[in-house]
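Residue numbers (this note's numbering): 262 to 343.
Below, the structure written as structure tokens:
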């Protein structure tokens, strides 16, 4: 099997999921604070603990209006998205 036929599995994130997050199959719940249903804890205003080009989907409902600098969010999202 050559490298062109191997499909890379990309992560799917739900950022700003809240500390009492519902689990959606296939999504990794991410929030600033730990809690039931939160898979990854990190600050969206800092460098995200993910490698470049490893994410295929980011869902952020009611998140941007809470960020002091949305540019940082978009910079990191751009970095990790494949």
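The beta carbon of each residue, even a glycine, is placed where N, CA and C say it ideally should be.
Chain-order list of residues whose beta-carbon lies under 8 Å from that of residue i (same chain, five-residue window excluded)
i           : result
residue 262 : The predicted model places residue 262 with a pLDDT of 47, which falls under 50 and marks its position as unreliable, so this point remains unresolved.
residue 331 : 325
Beta bridge counterpart(s) of residue i as assigned by DSSP
i           : result
residue 290 : 275
residue 319 : 274
residue 342 : 316
residue 301 : 291
Residue j beta carbon less than 9 Å from that of residue i
i           : j           : result
residue 301 : residue 289 : yes
Member of the options whose CA lies at the smallest distance from the CA of residue i
i           : options            : result
residue 281 : 341, 287, 273, 292 : 292
residue 336 : 309, 327, 315      : 309
residue 316 : 277, 340, 284, 279 : 340
residue 329 : 306, 323, 314      : 306
residue 270 : 314, 334, 304      : 314
Beta-carbon proximity list for residue i, same chain, < 6 Å, skipping 5 on both sides
i           : result
residue 342 : 316
residue 295 : 302
heavy atom of the ligand FMN below 8 Å from residue i C-beta
i           : result
residue 341 : Inclusion of the ligand FMN in the displayed structure is not the case, the ligand content being empty and no account of it being possible.
Presumed contact (8 Å Cβ cut-off) between residue i and residue j, rounded CB distance
i           : j           : result
residue 312 : residue 298 : Wrong, their Cβ atoms sit about 24 Å apart, outside the cutoff.
residue 338 : residue 277 : Between residue 277 and residue 338 the Cβ distance is about 12 Å, and since that is not below 8 Å, they are no contact.
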